[in-house]
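First up is the structure itself, then whatever we jot down about it.
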Amino acid sequence: LRLPRGNALLVGVGGSGKQSITRLAAHVANCDVFEITLTRGYSEVNFREDLKTLYGMLPNKAVAFLFTDSHVAEEGFLELINNLLAAGIVPALYEEAERDGIINNVRDEVVKKGLPDSKDAVWQYFVDKCRD
7 LRLPRGNALL VGVGGSGKQS ITRLAAHVAN CDVFEITLTR GYSEVNFRED
57 LKTLYGMLPN KAVAFLFTDS HVAEEGFLEL INNLLAAGIV PALYEEAERD
107 GIINNVRDEV VKKGLPDSKD AVWQYFVDKC RD
């Protein structure tokens with residue numbers, strides 16, 4: 007978890023302590039733990055909103071995303087998790103206005119580091135910062 011772009015997959019029988027060891031590892035790595043809360047009618051729309059919340063936390067603090075098999079309310083969740091791990095961002099997670107707001111918030115940091123401040127470069131900086 008401490009490594010850039012680090013992640014862990016824990017496999018075991020129910021009740022073997024996978025969630026407990028994940029929380030312990032997150033604490034040792036100085037990470038907050040983020041976990042979705044399933045409710046009746048929880049859908050991909052809700053999951054995407056929770057992922058936006060997660061991405062809102064990432065630039066400020068290291069976060070461990072605890073996602074268990076019981077959180078898979080819809081099969082499409084797995085595709086979103088795959089995109090998150092492979093590309094660092096879920097495609098079409100943000101609408102254009104939300105994305106522009108994030109870009110404007112991060113632009114000053116990009117300029118201070120002397121990096122290109124085009125819209126695409128600033129977005130990529132945000133994604134890379136979240137991934138690392």
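Under this note's numbering, the first residue of the sequence shown carries the number 7, and numbering increases by one thereafter.
Each residue gets a CB set at the ideal place from its N, CA and C atoms; glycine is no exception.
Keep in mind it's a predicted model, so treat the numbers as computed, not measured.
In the DSSP assignment, the alpha helix (DSSP H) including Ala93 goes from what residue to what residue? 82–93
When you compare each of Pro10, Val69, Leu44, Lys24 to Asn36 by their alpha carbons, which one comes out closest? Val69
Starting from Phe71, trace the beta strand (DSSP E) in both directions and tell me its first and last residue. 69–72
Spatial neighbours of Ala79 within its chain, please: C-beta separation below 8 Å, excluding the five flanking residues on both sides. Leu44, Tyr48, Ser49, Phe53
Applying the criterion that 16 or more other CB atoms from any shown protein chain within 10 Å of the CB defines a buried residue, is Val19 buried or exposed? exposed
Between the C-alpha atoms of Asp126 and Ile42, what's the straight-line distance to the nearest angstrom? 29 Å
Which first and last residues belong to the alpha helix (DSSP H) in which Asp114 is found? In the DSSP assignment, Asp114 falls within the unbroken alpha helix (DSSP H) covering 102–118.
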